[in-house]
Amino acid sequence: MPMIDCNWSYNGIKLCILNNDILNISILPEMGGIIWSIKYNGYELMYHHYKELELPWKFKEDFPREDPLHTFFIGGWFEVFPNAGYKTNLLGVSWGLHGETPYLPWKVEYDEEKDPNSILLIVQLKRYPLKLYRRISLNKNEILLWEKVVNLAPIDLYFSWLHHPTFGGDFLDDSTFIELPNNTEIEVDKYLGLKYSQFEAGFRGEWPMVKGKDGKMYDLSRYPPKGSQNTNDLIYVPKMKRGWFKIINEKRKITFEAEYENSLFKSLWIWRPIGGGPEDPWYGTIYATSLEITTSWPATGLSEQVKLGTAEVIKANSKIETLLKFSIK
Numbered sequence: 001m002p003m004i005d006c007n008w009s010y011n012g013i014k015l016c017i018l019n020n021d022i023l024n025i026s027i028l029p030e031m032g033g034i035i036w037s038i039k040y041n042g043y044e045l046m047y048h049h050y051k052e053l054e055l056p057w058k059f060k061e062d063f064p065r066e067d068p069l070h071t072f073f074i075g076g077w078f079e080v081f082p083n084a085g086y087k088t089n090l091l092g093v094s095w096g097l098h099g100e101t102p103y104l105p106w107k108v109e110y111d112e113e114k115d116p117n118s119i120l121l122i123v124q125l126k127r128y129p130l131k132l133y134r135r136i137s138l139n140k141n142e143i144l145l146w147e148k149v150v151n152l153a154p155i156d157l158y159f160s161w162l163h164h165p166t167f168g169g170d171f172l173d174d175s176t177f178i179e180l181p182n183n184t185e186i187e188v189d190k191y192l193g194l195k196y197s198q199f200e201a202g203f204r205g206e207w208p209m210v211k212g213k214d215g216k217m218y219d220l221s222r223y224p225p226k227g228s229q230n231t232n233d234l235i236y237v238p239k240m241k242r243g244w245f246k247i248i249n250e251k252r253k254i255t256f257e258a259e260y261e262n263s264l265f266k267s268l269w270i271w272r273p274i275g276g277g278p279e280d281p282w283y284g285t286i287y288a289t290s291l292e293i294t295t296s297w298p299a300t301g302l303s304e305q306v307k308l309g310t311a312e313v314i315k316a317n318s319k320i321e322t323l324l325k326f327s328i329k
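Under the UniProt record's numbering, the residue at position 115 of the sequence shown is numbered 115, and the numbers go up by one with no gaps.
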């Protein structure tokens, strides 16, 4: 049985800890419900940026509305809803990058007598009549996420939804590789104009090979050593053949396996900031990767996803439920 304790804090920020014999999970409810740390047998799987943890609404400096996330990005696993992607406008609402759940405090509920094995995180959006519930539980070597979205309005609403686990720490090095379903089709981002991408914008092919700007072919399933380059790439899997992937670190002998409903989370974004480029926001400091489980693509925001037909819809006064399972061994 896991141990759960929400009486911790770090830098004045509430911290919930779930652990058992092999897994230790730390969650920051006040910081967008971020899963800040996942440790397996003492090895850290999440990437942590160099910045101190600080609540977004306590920032003293000004930061741009279209991209506040990069101002206080700390790494970890954050959940994005209802706008997966960059600045967008829809139904009179303007959202910045990955608005709005990463910027909101989530309510946390834990009842040791009613359910000693999980915690429930709840957030109601401020600018859209949707409410998101996420129950997190540990089962031996598994992390289970039960989630529910509730539409509080009498009209249908568009949304895009994204899980952004940022892997790094002890888990990412040049022995790390990714497995995706066979015959997976990929496309290099051509929409954002990423200045420090090393791959040919708009290239389409079959996983794992991708064409570089230098004309050479590269294996996306593998990662270069830390410090060997200073690039920032985004690759899409427009339609996952099944909701499944693996990340394996051969050196540590750790495998992270994801299973989820690809009827809802149809796409996958693969973010590879290897250094990230010499300018803001990374300055060559980041060495991470994220396999972003998402309903929609590309990363141009909800309004554009609606136009392209990749946005999801929740019916008036209805709910959507789903389960995601992640095993580590």
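Glycine is no exception: its CB is placed at the ideal position from the N, C-alpha and C atoms.
| request: Could you name the residues of the same chain whose beta carbon sits closer than 6 Å to that of I25, not counting the 5 residues immediately before and after it, in chain order? | output: L18 and I38
| message | To the nearest angstrom, how far is the alpha carbon of E79 from that of E187? | response | 23 Å
| request: Just tell me which of K246, N151, L132 and L152 has its CA closest to the CA of L145. | output: L132
| query | With burial defined as no fewer than 16 other Cβ atoms inside 10 Å of the residue's Cβ, what is the status of A153: buried or exposed? | reply | exposed
| G85: which of R204, H163 and Y283 sits nearest, CA to CA? | H163
| request: In the DSSP assignment, find the unbroken alpha helix (DSSP H) run with F72 in it and report its ends. | output: L69 to F72
| Considering only the beta carbon of each residue, do residue 353 and P273 sit closer than 9 Å? | Given a span of 1 to 329 for the chain in the structure shown, any question on residue 353 remains unanswerable.
| task | Please classify D21: is it buried, with 16 or more other beta-carbons within 10 angstroms of its beta-carbon, or exposed? | result | exposed
| task | Compute the distance between the beta-carbons of W77 and T176, then report whether it is under 9 Å. | result | no
| said: Less than 9 Å between the C-beta atoms of S221 and L172, yes or no? | reply: no
| query | Can you tell me the Cα-Cα spacing of E113 and C6, whole angstroms? | reply | 15 Å
| said: Taking the alpha-carbon of L157 as reference, which of A201, N83, E109 and I143 has the nearest alpha-carbon? | reply: N83
| Backbone secondary structure at S303 - three-state DSSP | helix
| query | For the candidate residues L69, P105, L91 and K87, whose alpha-carbon lies nearest to that of I13? | reply | P105
| query | To which residues of the same chain is L120 closer than 6 Å at the C-beta, ignoring the five residues directly before and after it? | reply | E109 and R135
| query | Where do the ends of the beta strand (DSSP E) carrying W271 lie? | reply | S267 to G275
| query | For I314 versus I270, is the C-beta spacing smaller than 9 Å? | reply | no
| query | Going by alpha carbons, who is nearest to E200 out of D214, G277 and L323? | reply | D214
| task | Give the straight-line distance between the Cα atoms of E147 and G309, rounded to the nearest whole angstrom. | result | 24 Å
| message | Residues in the same chain with beta-carbon distance under 6 Å from K60, minus the five sequence neighbours each way, listed in chain order, please. | response | Unreliable positioning characterises K60 in this predicted model, as indicated by a pLDDT of 48, which lies under 50. A coordinate reading is not provided.
| query | Can you round the beta-carbon distance between N232 and L194 to whole angstroms, since I take them to be within the 8 Å contact cut? | reply | 6 Å
| For W77, the first and last residue of its enclosing beta strand (DSSP E) | W77 to V80
| task | Sort out for me which residues DSSP pairs H48 with in a bridge. | result | G75
| query | On the premise that D170 lies in contact with E44, defined as a C-beta separation below 8 Å, what is that separation, rounded to the nearest angstrom? | reply | 5 Å
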